[in-house]
Amino acid sequence: MTSSSDKKYGIEISQKEAEELRNTIRAASIKVMEEYIERMKKTWPNRPETMQYFYDVAKFFGTREREIQKAKEEGRKVIGYTCMFAPIELILAADAIPVRVSSGFYDPVKLGNRIVPVEVCPVVRSTIGVEMIGLSPYLELSDALITPLTCDGMTKLSEILSDRKRVWTLHPPRLKDSDQSMFFWREELRALKAKIEKLTGTRITAKKLKAAIEVMHKATRAFRRLQEFRKGAPVIMGRDAMLVNQTSMWDDIERWTGKTEELCNELEKRIQEKAWACPPETPRVMIAGSPTIWPDNWKLPNIIEEASPQGVIVADELCSGDRFLFDPVGVDEWTMDDMFKAVAERYLLPSTCPCFTSEDGNEDRVNWLTARIKERQVDGVIYHVFRGCMLYAMEYMRIKKVLEKINVPVYYLDTDYTREDVGQIKTRVEAFLEMLKSRAEF
Amino acid sequence: MIVAGLDMGVQNVKVVLLKNGEILSHGMAPSGFEPEKAVEQAFQEALKRAGIAYNDIAHVAATGVGVELAPHVDSKISVVSADARAAVYMYPSARTVIDVGAEESRVIKCDENGAVLDFALNERCAAGAGAFLEAMARAIEVKLEDMGRLSLKARGTTSISATCVIFGESDVVSLIHKQEPKHEIARAIYDALAERIVSMVYRVGLKPDVVLVGGVAKDVGFAAALKRKLETEILIPQNPEYAGALGAALYAMENLRGDKNGRRQL
Amino acid sequence: MLLEVISEVLKLIIFAGLALAGILAILIWKKDQKTKVSYLRFFVQAVAMTAFFFIFSYTTQLLLILVVIFALSIFLGRFFCGWLCPFALYLDLVAAVRKALKIRYWNLPDKLNKFLNKLRYALLLFFIALPFILEKIEPWQWSLAKFLMGPFKPISVLLGPVEPLVIPWESSLKLYGINLSYPYASIIAFYAGENLAIITISIFIGLTLASSFVVRRFWCRFCPTGVSFAVLNRFKIFQWIPLLRLNKVEEKCTKCGICKRVCPAQVTDVYEEKGGDITTSMCMLCLRCVEMCPYEDCLKLNMAGKTLFRSRNWLEPSKIE
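Protein chains in written order, with my numbering: chain H, 1 to 442; chain G, 443 to 708; chain Y, 709 to 1029.
Okay, structure coming up:
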């Protein structure tokens, strides 16, 4: 670790203040999480029993934190990541524990504002704040952080965090179509692999990598299976599905897979019994854009599913949601060379992050959105953008044009890590849902 | 049958009564701190004008920013949907509705049935609504009711920043120091507000006919500025601030008519 | 005479039946897609190889065989290359050994691959013109060569890959009285002459088999027979006929690149083309890309518009329809 004179950003805060804030915010967040879970339960009273498992994992500062702590004491390493580009298979192959550390807490933003201006992406400001007071258990427990340099905010966050944590940057090229990009990306991952091996003291062999890929295959399968249930009449409420999706980022992935399969089995039964979570005519909404990370960012999903008229979130185009485990690693021949290439390609090529640019205007994202809208019969899209998120904001006009062509209404919702705009968002969302409902009636 | 539409506005509560689809009467009261009292007052006014009792009303629908605080309401509807219905009721050719209220303004694209096709709201900032005008009128020390007519005298020789009330105010102060005549500044103020509204219109798409409602619609200065910026005719109804309540009343009627078994649940 | 005609017709029927068998196999297998396409292909290739052997045992009417193969290819595009070619079977078998030994393959650099794709047209031209050119040198021998008479004269280089391992006529390679051969061996023997025949053939065998340990389907990238199908289908009149077409649904494609990586012929069009009909002259319809595409219904093999085989979420065990 660097000495305090070497600190670049000076994200220092007195021990006393940090502890006070940590305890206050922790207590408040626990309350918020419990409240939101109660609200989800209220909207879906006849939910399957298995959902309780996911509610429990989602409650931060609880069992999962203790589990990881114990694993660390037994010698395993924890490798956190801030973004979907980090190759989880490599982490698993080295017997380390992968965990996503993007912050979903609103209150630490105040602290982040001391270091960077308020125009900066709130996810970044919150993560800085969280690091300052040591709020996030997963961030604190990480022995290393993989920080993909996707957008400006992520790039500088990586530097800021390096004051206190071991940071490994990954540089995904902004142009993914060319051979040079693929070559560069593979080299980046090769370097990362070496760092992981050094930290954990485990060599990533072909056998281990194969096992890791197969674990993730099972997880992807469960993930996709769950999303299948959102295609027809609503047998699962959107917030609950989104929570299940997000818990895959923190939980033990094999256990998560098992539980998700169980949940899917229960949902199968419900389809036969026609036990819908909400009336089938409920307007079907898709959230696209900046990620809504649990817990505080449930602000928007709560409004959508508790509004009158009620909406149901059947899809999302969020890196914290439907995109996370959507693509599998396609291995041709199980040699180290091919597996590594396959992993590298999977994390770069099918990604629809707006950080990419291309001559055809990031058509991948357009195609992904359109395919999801058609298969889940989405009635309307809420385009959710944080203040300061240039990439999603700038792609809005393109997406709007495409959606107009297929006659799907889209509403641009600009928000921040604050609770103050709940009233305003409610007005807008309710007007939007009313519009969707009346469209359906004609 | 008689139905009532209630608009819980930020500044004023408005009521419109409809009898068999025709406007019967209307009433208004300042919102203040006690919404229940304001609603009662507004209703009293409307009922007195119509010469009927509260129990004669078959269905009450409410809308507006403060709709959560409305007491004894049978159904609710968003202001966006209410405005669209009201506009098409008053002008069947209406396709774009601009509602500029005290603190919120909206632009709504609708079809011939009054169904909403698209909409945009001013983002979180009062510079796109009536509050901007109030602040600016204070800055140039002119009564808000007089500022409109004053601005009509101007030729448009100057302009102010349209982004923010605070910036706008400092712009105005510097213009006063430059000894810019008041009517020019007044016109610049309306132009700034109109500019913001117009950018919302283009987000949604301009389609004639354009109807302007909301409290600020009564202001001749604003209407003139908006007409200038949009380069098209604007239809302004008699009592534009009642559009929301009218739309809610129309919705109340739809509810009654659409359901033979009584009240339709939202 | 009549017997001959009957036997010829029989051969034709066997041949046509072979192609149908391939398609039928796909249809039947489509019902339960648990079996990998490659296993199915091995099966069909083996059947094809056996059939070719029998055909050659009964007839030496090479022109007829060639015509039938060509006629088939007008309708099926390069289906022959992926499913019926015996030479491809040998290459695939060696590749299977390579896979079992976990030896990685090398991809030819894209530019070289594209160059070979263009070169193959020149090679085809060369081989067909060769007897005519050489006629100037030794007239009487080469005039014979121009006609498709007798066993394996030079112009029948196009039947090279089909040449069976055990032939019913005299060969340079003899083992315990059995006449052995190898694709293109007879032609090489013809050109090399008596003395150098065995050496040159051995070198050829060594190179082609060794190439399968390094590059996938190396010979197929410039095989004269393969390219002659491509040439055939390039003529405008024939272009709309091939019934077997590879199709992509644009929306479902996430550009994940798996199809491009697993293609043994390194065809990049399947990845680069946006959507619709993406059949190319280099594609051998081995269907590896369709099999490995992880998005449901994205890539498909269509026959006359009807989908025979489509990509599916291979993470799910397949359901029997």
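The beta-carbon is built from N, C-alpha and C at its ideal position, and this holds for glycine as well.
Using a Cβ-Cβ cut-off of less than 7 Å, give me the residues of the segment 199-221 of chain H that come near chain Y, in sequence order.
H217, T220 and R221
Mind checking whether H171 of chain H and L199 of chain H have CB atoms under 7 Å apart?
Numbered from 1 along the first sequence, position 171 holds the residue referred to as residue 171 of chain H. Numbered from 1 along the first sequence, position 199 holds the residue referred to as residue 199 of chain H. Contact flag unset, no.
Which whole-angstrom value is the C-beta distance of G238 of chain H and L433 of chain H, which I expect to be below 8 Å?
To locate residue 238 of chain H, count along the first sequence from 1; it is residue 238. To locate residue 433 of chain H, count along the first sequence from 1; it is residue 433. Contact flag wrong, Cβ pair sits at about 13 Å.
Does the separation of the CB atoms of G447 of chain G and A659 of chain G fall below 7 Å?
For the purposes of this step, residue 447 of chain G is identified with residue 5 of the second sequence, where counting begins at 1. For the purposes of this step, residue 659 of chain G is identified with residue 217 of the second sequence, where counting begins at 1. No; because the gap between Cβ atoms is not below 7 Å, this pair is not in contact.
Nearest to E484 of chain H (by Cα), restricted to the options H:P295, H:E261 and H:L175
A question about residue 484 of chain H goes unanswered here, because the residues of chain H that appear run from 1 up to 442.
Boundaries of the alpha helix (DSSP H) in which C264 of chain H is found, first to last residue
As a first step, residue 264 of chain H is located in the first sequence; it is residue number 264 there, counting from the start. Segment I253 to E273, the alpha helix (DSSP H) holding C264 of chain H.
Would R645 of chain G pass as a contact of G570 of chain G if the rule is Cβ separation under 7 Å?
Taking the second sequence and counting its residues from 1, the one referred to as residue 645 of chain G is at position 203. Taking the second sequence and counting its residues from 1, the one referred to as residue 570 of chain G is at position 128. With respect to G570 of chain G, R645 of chain G sits apart: the two C-beta atoms are not nearer than 7 Å.
Quick one: give me the first and last residue of the alpha helix (DSSP H) that D240 of chain H is part of.
In the first sequence, the residue the question calls residue 240 of chain H occupies position 240. D240 of chain H -> alpha helix (DSSP H) spans G238 to T247.
Determine the burial state of W814 of chain Y: buried for a count of at least 16 other Cβ atoms within 10 Å of its Cβ, exposed for fewer.
Reading the third sequence from its first residue, position 106 is the one you call residue 814 of chain Y. With fewer than 16 Cβ atoms within 10 Å of its Cβ, W814 of chain Y is classed as exposed.
With 7 Å set as the bound, which would you pick, yes or no: does the beta-carbon of F992 of chain Y sit closer than that to a beta-carbon of chain H?
In the third sequence, residue 992 of chain Y corresponds to position 284, counting from 1. Just to set this straight, residue 992 of chain Y is Met in the shown sequence, not Phe. False, the Cβ-Cβ gap to chain H never drops below 7 Å.
Contact under 7 Å by Cβ, A893 of chain Y with I911 of chain Y
As a working mapping, residue 893 of chain Y is identified with position 185 in the third sequence. As a working mapping, residue 911 of chain Y is identified with position 203 in the third sequence. Against a cut-off of 7 Å, the Cβ pair of I911 of chain Y and A893 of chain Y comes out as no contact.
Starting from S612 of chain G, trace the alpha helix (DSSP H) both ways and give me its first and last residue.
Locating residue 612 of chain G in the second sequence gives position 170, counting from the first residue. Element bounds for S612 of chain G: V607 to H619.
Could you check the C-alpha separation between D701 of chain G and F1017 of chain Y for me, to the nearest Å?
Here the question's residue 701 of chain G lines up with position 259 in the second sequence. Here the question's residue 1017 of chain Y lines up with position 309 in the third sequence. In this prediction, D701 of chain G scores a pLDDT of 47, lower than 50, which makes its location untrustworthy; no coordinate-derived value is stated.
Which stretch, first to last residue, makes up the beta strand (DSSP E) that contains A636 of chain G?
Against the second sequence, residue 636 of chain G aligns to sequence position 194. From DSSP, A636 of chain G is part of no beta strand (DSSP E) but of the alpha helix (DSSP H) over K624 to V646.
Is L111 of chain H near the ligand FAD, judged by its Cβ being under 6 Å from some heavy atom?
The ligand FAD is not part of this structure, which contains no ligands at all.
Between the Cα of A754 of chain Y and those of Y:E958, Y:S889 and Y:Y798, spot the shortest distance and give me the residue it belongs to.
Here residue 754 of chain Y corresponds to residue number 46 of the third sequence, with the count starting at 1. Considering only alpha carbons, the answer is Y:Y798.
When H:I373, H:T418 and H:M390 are compared against V410 of chain H, the one with the closest alpha-carbon
Locating residue 410 of chain H in the first sequence gives position 410, counting from the first residue. The shortest Cα separation from V410 of chain H among H:I373, H:T418 and H:M390 belongs to H:I373.
Unbroken alpha helix (DSSP H) run spanning L161 of chain H, endpoints:
Locating residue 161 of chain H in the first sequence gives position 161, counting from the first residue. Taken as a continuous stretch (DSSP letters only), the alpha helix (DSSP H) holding L161 of chain H covers D152 to L161.
Near-chain H residues of the segment 510-535 of chain G (beta-carbon distance less than 8 Å), N- to C-terminal order:
Within the segment 510-535 of chain G, the residues whose Cβ lies closer than 8 Å to some Cβ of chain H are K518, I519, S520, V521, V522 and S523, listed in chain order.
Residue closest to A144 of chain H, alpha-carbon to alpha-carbon, out of H:P117, H:T82 and H:P108
For the purposes of this step, residue 144 of chain H is identified with residue 144 of the first sequence, where counting begins at 1. Per the Cα distances, H:T82.
On the three-pair Cβ rule with 8 Å, is the segment 83-95 of chain H touching the segment 104-113 of chain H?
no
From the beta carbon of G984 of chain Y, is the nearest beta carbon of chain H less than 7 Å away?
Stepping through the third sequence from its first residue, residue 984 of chain Y is reached at position 276. Closer than 7 Å: no.
Distance check for L586 of chain G and S593 of chain G, CA to CA, integer angstroms please.
Position 151 of the second sequence holds residue 593 of chain G. Position 144 of the second sequence holds residue 586 of chain G. Their Cα atoms are separated by approximately 11 Å.
Could you check whether the Cβ of V686 of chain Y sits closer than 7 Å to any Cβ belonging to chain H?
The question about residue 686 of chain Y has no answer, for chain Y in this structure spans 709 to 1029.
Do F761 of chain Y and P872 of chain Y have their C-beta atoms within less than 7 Å of each other?
Position 53 of the third sequence holds residue 761 of chain Y. Position 164 of the third sequence holds residue 872 of chain Y. Yes, they are a contact pair.
Any beta carbon of chain H sitting closer than 7 Å to that of G858 of chain Y?
By one-based count along the third sequence, residue 858 of chain Y stands at place 150. Unreliable placement is indicated for G858 of chain Y, whose pLDDT of 49 sits below 50; no coordinate value is reported for it.
With distances taken from CA atoms, which of H:K110, H:I196, H:Y53 and H:N46 is nearest R22 of chain H?
By 1-based counting over the first sequence, the position of residue 22 of chain H is 22. Closest option to R22 of chain H, Cα to Cα, is H:K110.
Alpha carbon to alpha carbon, how far is R996 of chain Y from T916 of chain Y? Give it in angstroms, no decimals.
As a working mapping, residue 916 of chain Y is identified with position 208 in the third sequence. As a working mapping, residue 996 of chain Y is identified with position 288 in the third sequence. Taking the straight line from one Cα to the other gives about 22 Å.
Exposed unless 16 or more other CB atoms sit within 10 angstroms - verdict on Y53 of chain H
For this step, residue 53 of chain H is matched to residue 53 along the first sequence. Counting Cβ neighbours within 10 Å, Y53 of chain H comes out buried, since at least 16 surround it.
Output, in sequence order along the chain, the residues in the segment 547-559 of chain G whose CB is closer than 8 Å to any CB in chain H.
Under the 8 Å Cβ criterion, the segment 547-559 of chain G contributes N555, A557, V558 and L559.
Give the list of continuous beta strand (DSSP E) stretches no shorter than 3 residues that lie fully inside the segment 285-332 of chain H.
312-317
Chain G residues whose Cβ lies nearer than 9 Å to that of P117 of chain H:
For the purposes of this step, residue 117 of chain H is taken as residue 117 along the first sequence, with counting starting at 1. Correct list: empty, because the minimum Cβ distance to chain G is about 17 Å.
Would you check if the distance between the CB atom of L459 of chain G and the CB atom of A492 of chain G is smaller than 7 Å?
Position 17 of the second sequence, counted from the start, is the residue given in the question as residue 459 of chain G. Position 50 of the second sequence, counted from the start, is the residue given in the question as residue 492 of chain G. Result yes, Cβ atoms of L459 of chain G and A492 of chain G sit closer than 7 Å.
By the 10 Å Cβ neighbour count, where 16 or more other Cβ atoms means buried, how is F475 of chain G classified, buried or exposed?
What you label residue 475 of chain G is simply residue 33 of the second sequence in a count that begins at 1. Classification of F475 of chain G: exposed, given that the 10 Å Cβ count is below 16.
For K882 of chain Y and Y890 of chain Y, I'd like the C-alpha separation in whole angstroms.
Reading the third sequence from its first residue, position 174 is the one you call residue 882 of chain Y. Reading the third sequence from its first residue, position 182 is the one you call residue 890 of chain Y. So the two alpha carbons sit approximately 12 Å from each other.
Flag this pair as touching only if the segment 306-320 of chain H and the segment 273-282 of chain H have three or more C-beta atom pairs under 8 Å; answer yes or no.
yes
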